[in-house]
Amino acid sequence: MSTDSRTALPSRGPLVGLAWGALALQVAVFLAPVALVLWLSLLAATDLAGQPSLVYWTSVLASPQALTALFSSVFLAVLTALCATIIASPLAFVIALRGRFLGRAALAFVIIMWLFDPGIRILGWMRFFKDLEIVGFPPSMIPSGFVAELIARIHAWVPLPVLVLTFAFRRTDRGLLQTAWESGATSITLFRCILWPLCWRAVALSTALVFSGAVGSFLEPRLLGTERFDQASEWLQRALESETGWPYAAAMLLMILTLAALPLLLLSISAQRQAKL
Amino acid sequence: MIRRIIPMPGVLLYIATPLLILFLLLPLGAILGLGLYYVLGIAVVADLNQMMAALGKEAGIAPALGKTPLIAIAVMILGTIWGLALSLLWRRWIAHRRYLALAASSLPFLLPRFGLSALFLLASLKLAQWGGNALGLGLVALCQAAVAAPLVAAILCFGWWRVDPAWRETALEAGADEVTIFRYLTLPVLKPFAMFGALIAFVLSLSDFYLGNGLSGDTVLLPSSVFSGIAQDVSPLYHALVALMILVDFAIFIAVTRSLKRLNAA
């Protein structure tokens, strides 16, 4: 029986069949709705005889509200991704450094926070901002609208870069860091000159991962955001709730999903090309 | 490996880290405080009859409390098996540096959850126009398992690195078949990773708001029931329930910490 010598895995056999079956199921579960939604967005009429047309796509792309909402979502997702990655670095470094109980506990805490119920998380932020009013914080100092939304988003997404960067930092050469430390490098120099350049792939990956997730955030803009900063997910929700809006919602949804997937796919293509060189 | 560097890094790091942990705890603390207040209030003031009467008024809680853990257990089992099967391919793709295939197959986990929920909802609504009804707990479990499977596969890939290819060669030479090798040589190594993956899939399903809310049809699951209960402020029971859910999360946190210790030892 043939074997892949690098992976301890068979190249053929029942286990490989099971693996391809799992992939086929995943493709079916994921691509079937994508195909249905794409078809919904391409139909000019709602009956089955309707000819495919790009009328809904062009309508969405021609709508200033839709485009502004899409741009706002991308802008806030980029901001969230950058802030979350920078904020996550110190905690990731400390977890990478502390491999024993403290490190494990911090890692478990980050994992739990990452998987925490988004509904309760947002309600918690709403309660927190209300509590600030109760304890006598001046209204001008209580974040609202855009800032509140950004804080909640960073809170929701900061655990992911912590996890990615922890694994990247753990693989960094210990001797190099120790030498830099002994030569008088400060924490900031260590990050700026050694860790981030050495782990740039992980930094890029974590930024892309956060962007992918944050570009479609819904509860944050709905409950903490303002009408002046309308987001693509809110636009999509309104289109979904309207009786005639499904094809528009389908077009907007596919745009959001494509935007979310794009950085990850580009990053993986670039990594694959570099690996082949 | 950068563990056990003897000189500690700068003070700035040790100030930034607790601040970040405090930031992560802020909203939880705010909502847990009120929840504990209500838990205490209910425990001190209300008797059993009042409790049952209050529970009876909130018709959504009791079925949600029963069904949500069942869905989570189904997702845990399905997601782990699915992830294990997927990890067989992922291991090979990582070795051959096929990152695009890896990224494409992990998209269900990486894409925004609200977008996925809207995707499945729109497809189900289109199906409903043709007379089919896909919405329901089965669809929720299937979608949550599809989301959890790439995460479980990623965790299992760490386990695959511990499997020595030489064992397989030796077992094959001794006449063992693939299934026997997998069962007796590979699975014991992967077991702690699979259990950790199962735990994560369980937590992912238990705390999933978007898919459960969008795809469950007429059934209401715990996250959406609690969310709407608190947002509308209909009863202090919901706040108490959130406090209890956060305490459950604390128990899960201890389980995850212990699992990580087992993974380090494996």
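These protein sequence lines map, in sequence, to chains A and B.
Position 173, counted from 1, in the first sequence is what our numbering calls 173; the numbers after and before it change by one each time, with no gaps.
Position 45, counted from 1, in the second sequence is what our numbering calls 1045; the numbers after and before it change by one each time, with no gaps.
In this text, a Cβ means the ideal position worked out from N, Cα and C, and glycines have one as well.
| task | Return helix, strand or coil for proline 143(A), following the three-state DSSP convention. | result | coil
| said: 7 Å is my cut-off, CB to CB: does tryptophan 57(A) come that close to chain D? | reply: Here chain D cannot be found, since the structure's protein chains are A and B.
| Does the beta carbon of arginine 1183(B) sit closer than 7 Å to a beta carbon anywhere in chain A? | no
| query | For a contact meaning CB atoms closer than 8 Å, what does aspartate 1249(B) contact in chain A? | reply | Ile112 and Phe116
| message | Distance cutoff 7 Å, beta carbons only. Does phenylalanine 191(A) sit that close to anything in chain B? | response | no
| task | Would you identify the three-state DSSP class for leucine 43(A), choosing helix, strand or coil? | result | strand
| message | What ranges does the alpha helix (DSSP H) occupy inside the stretch 91-121 of chain A, keeping only unbroken runs of at least 4 residues that lie completely in it? | response | Those alpha helix (DSSP H) runs which fall completely within the stretch 91-121 of chain A and span 4+ residues are 101-114.
| query | Run through DSSP, which three-state label would proline 138(A) get? | reply | coil
| request: Drop a sphere of 10 angstroms on the beta-carbon of tyrosine 1184(B), count the other beta-carbons inside from all chains shown, and report buried for 16 or more, exposed for fewer. | output: Classification for tyrosine 1184(B): exposed.
| query | How far does the alpha helix (DSSP H) with threonine 258(A) in it reach, from first residue to last? | reply | 246-276 is the span of the alpha helix (DSSP H), which, as asked, contains threonine 258(A).
| request: Out of Leu1089(B), Leu1156(B) and Ala1194(B), point me to the one whose CA is closest to leucine 18(A)'s CA. | output: Measuring from the Cα of leucine 18(A), the nearest candidate turns out to be Leu1089(B).
| request: Can you give me the start and stop residues for the alpha helix (DSSP H) that valine 1079(B) sits inside? | output: Here residue 1079(B) turns out to be glycine, not valine, going by the sequence shown. First-last of the alpha helix (DSSP H) with glycine 1079(B): 1061-1095.
| field | Of the listed residues Leu264(A), Leu54(A), Ser212(A) and Val164(A), nearest to proline 90(A) (C-alpha basis) | value | Val164(A)
| request: Compare the C-beta of leucine 204(A) against all C-beta atoms of chain B and say whether one is closer than 7 Å. | output: At residue 204(A) the sequence reads alanine, which differs from the leucine that was named. No - not a single Cβ of chain B is within 7 Å of the one on alanine 204(A).
| request: Output yes if chain B places a C-beta closer than 7 Å to the C-beta of tryptophan 125(A); else output no. | output: So yes, tryptophan 125(A) belongs to the interface.
| query | Quick one: what's got a C-beta closer than 6 Å to proline 1150(B)'s C-beta in the same chain, skipping five residues either side? | reply | Once the five neighbours on either side are set aside, the close Cβ partners of proline 1150(B) are Ser1106 and Phe1109.
| query | Just checking my contact of phenylalanine 1145(B) with leucine 1078(B) at CB under 8 Å: how many whole Å lie between their CB atoms? | reply | One point to set straight first is that residue 1145(B) is alanine, not phenylalanine, in the sequence displayed. Cβ-Cβ separation between alanine 1145(B) and leucine 1078(B): approximately 4 Å, consistent with a contact (criterion under 8 Å).
| Quick one, which of Ser1117(B), Leu1012(B) and Ala1103(B) has its alpha-carbon nearest isoleucine 256(A)'s? | Ser1117(B)
| message | Among Leu1012(B), Phe1209(B), Leu1028(B) and Gly1197(B), whose alpha-carbon lies nearest the alpha-carbon of serine 1228(B)? | response | Phe1209(B)
| query | Taking C-beta to C-beta, are valine 1256(B) and glycine 1197(B) nearer than 7 Å? | reply | no
| Cutoff 7 Å: arginine 1097(B) Cβ touching any chain A Cβ | It does; some Cβ of chain A falls within 7 Å.
| said: Going by beta-carbon coordinates alone, are alanine 291(A) and leucine 264(A) separated by less than 7 Å? | reply: Outside the shown range of chain A, which is 1 to 277, sits residue 291(A), and nothing can be said about it.
| said: Give me, in chain order, the residues of the same chain whose beta-carbon lies closer than 8 Å to that of phenylalanine 1158(B); leave out the 5 immediate sequence neighbours on both sides. | reply: Phe1193 and Leu1263
| request: Return the bridge partner residues of proline 52(A) from the DSSP annotation. | output: Leu43(A)
| Beta-carbon proximity of valine 37(A) to alanine 1123(B), cut-off 7 Å | yes
| Which whole-angstrom value describes the C-beta separation of serine 212(A) and serine 233(A), a residue pair presumed to lie in contact below a C-beta threshold of 8 Å? | 14 Å between Cβ atoms; not a contact.
| request: Please decide whether arginine 104(A) counts as near chain B, where near means a Cβ-Cβ distance under 7 Å. | output: yes
| field | Neighbour list for lysine 1261(B) in chain A, Cβ cutoff strictly below 7 Å | value | Those within 7 Å of lysine 1261(B) in chain A are Arg104.
| request: Kindly indicate if chain B contains any beta-carbon less than 7 Å away from that of glutamine 272(A). | output: Cβ-Cβ to chain B under 7 Å: yes for glutamine 272(A).
| task | Could you pull out every unbroken alpha helix (DSSP H) segment of at least 4 residues lying fully inside the stretch 1140-1192 of chain B, listed in chain order? | result | 1165-1173 and 1178-1181
| query | Does the stretch 129-145 of chain A touch the stretch 166-185 of chain A, meaning 3 or more C-beta pairs lie closer than 8 Å? | reply | no
| query | Of all the residues that make up the stretch 235-266 of chain A, which are near chain B by a beta-carbon distance shorter than 7 Å? | reply | Leu236, Leu240, Trp246, Ala249, Ala250, Leu253, Ile256, Leu257, Ala260, Ala261, Leu264 and Leu265
| Would DSSP call serine 1207(B) helix, strand or coil? | coil
| request: Have a look at Cys1143(B), Tyr1038(B) and Ala1103(B) and flag the residue whose alpha-carbon is nearest the alpha-carbon of phenylalanine 1114(B). | output: Cys1143(B)
| said: Classify glutamine 26(A): buried if its beta carbon has 16 or more other beta carbons within 10 angstroms, exposed otherwise. | reply: So glutamine 26(A) counts as buried.
| request: State the Cα-Cα distance for the pair proline 1018(B) and alanine 156(A), rounded to the nearest angstrom. | output: 17 Å
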